[in-house]
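Colleague: Pasting in a structure now, in structure tokens, and then I'll have a few things to ask.
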Amino acid sequence: RVLWHAHPARPGPEYAFLRESQWWPRERIADVQLTALRQLVAAADRVPYYRERFAAARVAAGDLRTIDDLVRLPVLERDDLVRLGVAGIRTPGSWGVRARSSGSLGKPVEFLWPLSQMRWLDAGEARARSWFGSDIGKRRVEVRCRPVGPAQAFAAAILNTSALHAPSVADTAVLQRLAQSIERTPPTMVWGVSNALYAVALALIDHGTRVKVGSCVSGGNHLHPHYRRAMEEAFGCRVFERYATMETGVVAHECPEAGSLHVPAEGMIVEIVGRDGTPVAPGETGDVLVTALRNHATPLIRYRVGDRAVAPRSLQCACGRGLPVFGSVAGRS
1203 RVLWHAHPAR PGPEYAFLRE SQWWPRERIA DVQLTALRQL VAAADRVPYY
1253 RERFAAARVA AGDLRTIDDL VRLPVLERDD LVRLGVAGIR TPGSWGVRAR
1303 SSGSLGKPVE FLWPLSQMRW LDAGEARARS WFGSDIGKRR VEVRCRPVGP
1353 AQAFAAAILN TSALHAPSVA DTAVLQRLAQ SIERTPPTMV WGVSNALYAV
1403 ALALIDHGTR VKVGSCVSGG NHLHPHYRRA MEEAFGCRVF ERYATMETGV
1453 VAHECPEAGS LHVPAEGMIV EIVGRDGTPV APGETGDVLV TALRNHATPL
1503 IRYRVGDRAV APRSLQCACG RGLPVFGSVA GRS
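In case it helps, my numbering puts the sequence shown at residues 1203 to 1535.
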């Protein structure tokens, strides 16, 4: 806990802000988004690629009067991001950690994570985990979609977390050790890639073992009904869905009370649109566009991530939080 508080990317004031803002009315959260969007567009206007596109669309930061004006901004296609790379989309003088997507949609894309973005991402993750009683320092097991080297394993261990790379569960010995570890010391949360968690759950069931963990959060791949049933049986808890991309972080997280998928709207804007870039009707399927409001180093504005989703029929969740409701993930384009 001490080391976590000393880390420069820790979500300090950002986390405190998110703990309060989740209960604000949607209109007040939209005001936060609009202010951040104007700042993001002003930063992006310093990038030649965006400056040319904004000029062609005849829109500038000062023209954005409401969040609905977002549709006036051009869509950033994945192919453009691949072609441009970090150099073609980087704001002059900016810096950050260089990262890249997994490449599961084809060729990977590269981008920067500035410190401000990392703080907001960590704050959003911490808030979602707190919904399920898994605060900093409480034991967790994470089956991650990205490799876990010595540095990542050490960083996880500091936070009382056991982390491993999802493909490693294909090794029977690794799977057995993980199942035994969960059985020996049940964590407050099991988190990871859906098909890998499914394999862990089947291993526990086949061994005749049932453990009682605090909660299970599934992401990375589609959460099929039979995945959910096996996890609930093996881990003895509810299973919650988490939808994220490497480029933007968490896009939506399941509500613990009502089951809706909430968008961490203080740090991003999420749209579900048709090919023309306008919103689809409630209940219809469209492309997911994400605007990462806190990444001024490599702005991602109306970025078409390559996923498809069904637009929600209601924007208000029964839990009382003002955070927007996402809808449901349908798959990938």
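Yeah, the Cβ is synthetic: ideal placement off N, Cα and C, and Gly gets one too.
With DSSP collapsed to three states, give me the class of LEU1266.
Modeller: LEU1266: coil per DSSP, three-state reduction.
Colleague: Taking only three categories from DSSP, how would you classify VAL1492?
Modeller: Strand, per DSSP.
Colleague: Just to confirm, are VAL1531 and PRO1514 a CB contact at a threshold of 8 Å?
Modeller: No.
Colleague: Identify every residue that forms a DSSP beta bridge with PHE1313.
Modeller: Beta-bridge pairing links PHE1313 to ALA1301.
Colleague: To the nearest angstrom, how far is the alpha carbon of TYR1217 from that of ILE1503?
Modeller: Using only the alpha carbons, I get a separation of about 24 Å.
Colleague: Can you tell me whether GLN1536 is buried or exposed? The criterion is at least 16 other CB atoms within 10 Å of its CB, across all chains shown.
Modeller: Any property of residue 1536 remains undetermined from this structure, which presents the chain solely from 1203 to 1535.
Colleague: Would you please state the rounded distance, in angstroms, between the beta carbons of LEU1314 and ARG1300? I believe it to be under 8 Å.
Modeller: Contact flag correct, Cβ pair sits at about 6 Å.
Colleague: For GLU1456, does the three-state DSSP call read helix, strand or coil?
Modeller: Residue state, collapsed to three classes: strand.
Colleague: Within 8 Å, do at least three Cβ pairs link the stretch 1265–1274 to the stretch 1408–1417?
Modeller: Contact fails: fewer than three Cβ-Cβ distances are below 8 Å.
Colleague: Classify PRO1250: buried if its beta carbon has 16 or more other beta carbons within 10 angstroms, exposed otherwise.
Modeller: Looking at its Cβ environment, which holds fewer than 16 other Cβ atoms inside 10 Å, PRO1250 is exposed.
Colleague: Looking only at DSSP bridge pairs, what is LEU1481 linked to?
Modeller: The sequence shown places Pro at residue 1481, not Leu. Bridge partners of PRO1481: VAL1475.
Colleague: Whose CA, out of ASP1408, SER1396 and LEU1317, lies closest to the CA of GLY1421?
Modeller: For the residues ASP1408, SER1396 and LEU1317, the minimum Cα distance to GLY1421 belongs to SER1396.
Colleague: Taking TRP1393 as the reference, give the member of SER1535, ARG1346 and GLY1488 with the closest Cα.
Modeller: Ranking SER1535, ARG1346 and GLY1488 by Cα distance to TRP1393 puts ARG1346 first.
Colleague: Does the ligand COA have a heavy atom nearer than 7 Å to the CB of ARG1523?
Modeller: Ligands are entirely absent from the displayed structure, and the ligand COA is therefore not among its contents.
Colleague: Below 8 Å between beta carbons: does that hold for ARG1496 and TRP1322?
Modeller: A contact, by the Cβ cut-off of 8 Å.
Colleague: Identify which residue in GLU1312, MET1433, THR1411 and VAL1350 has its Cα closest to the Cα of VAL1284.
Modeller: Among GLU1312, MET1433, THR1411 and VAL1350, the Cα nearest to that of VAL1284 is on GLU1312.
Colleague: Report the three-state DSSP secondary structure of HIS1498 (helix, strand or coil).
Modeller: In this structure, HIS1498 counts as coil in the three-state DSSP scheme.
Colleague: So within the stretch 1218–1296, which uninterrupted beta strand (DSSP E) runs reach at least 3 residues, ignoring any that extend past its ends?
Modeller: Qualifying beta strand (DSSP E) stretches: none in this window.
Colleague: Specify the secondary structure class of SER1516 as computed by DSSP and reduced to three states.
Modeller: DSSP places SER1516 in coil when its eight states are reduced to three.
Colleague: For MET1391, does the three-state DSSP call read helix, strand or coil?
Modeller: Reduced to three states, the DSSP call for MET1391 is strand.
Colleague: Less than 8 Å separating the beta-carbons of ARG1510 and LEU1491?
Modeller: Contact: no.
Colleague: Output needed for THR1447: all residues of its chain with C-beta closer than 8 Å, excluding positions within five of it in sequence on either side, in chain order.
Modeller: Here the set comprises SER1303, VAL1453, VAL1492, VAL1507 and ASP1509.
Colleague: According to DSSP, is VAL1552 helix, strand or coil?
Modeller: Absent from the model: residue 1552. The displayed extent of the chain is 1203 to 1535, so no value can be given.
Colleague: What are the residues that DSSP puts in a beta bridge with MET1470?
Modeller: According to DSSP, which records beta bridges pairwise, MET1470 is partnered with ALA1494.
Colleague: Could you pull out every residue in the same chain whose Cβ sits closer than 7 Å to the Cβ of ALA1245, ignoring the five residues on either side in sequence?
Modeller: Cβ neighbours of ALA1245 beyond the five flanking positions: THR1293, HIS1498 and PRO1501.
Colleague: Can you tell which of GLY1461, ALA1483, ASP1478 and THR1450 has the C-alpha that lies nearest to the C-alpha of ILE1471?
Modeller: Cα-wise, what sits closest to ILE1471 is THR1450.
Colleague: One question on the structure: do VAL1413 and LEU1404 come within less than 8 Å of each other, judged by their Cβ atoms?
Modeller: No, the Cβ-Cβ distance between VAL1413 and LEU1404 is not below 8 Å.
Colleague: Can you tell which of ASN1423, HIS1424, MET1433 and PRO1389 has the C-alpha that lies nearest to the C-alpha of ASP1408?
Modeller: Comparing Cα positions, the closest option is MET1433.
Colleague: Would you mind listing the beta strand (DSSP E) stretches within the stretch 1377–1436 that are 3+ residues and don't spill past its ends, in chain order?
Modeller: Listed in chain order, they are 1391–1395 and 1417–1421.
Colleague: In this structure, how does DSSP classify VAL1465 when only helix, strand and coil are distinguished?
Modeller: If DSSP states are grouped into helix, strand and coil, VAL1465 belongs with coil.
Colleague: Just curious, the beta strand (DSSP E) that ALA1357 is in, first and last residue?
Modeller: Unbroken run through ALA1357 is the alpha helix (DSSP H), 1352–1360; no beta strand (DSSP E).
Colleague: Buried or exposed, going by whether 16 or more other CB atoms sit within 10 Å of the CB of THR1480?
Modeller: Answer is exposed; the Cβ neighbour count stays below 16.
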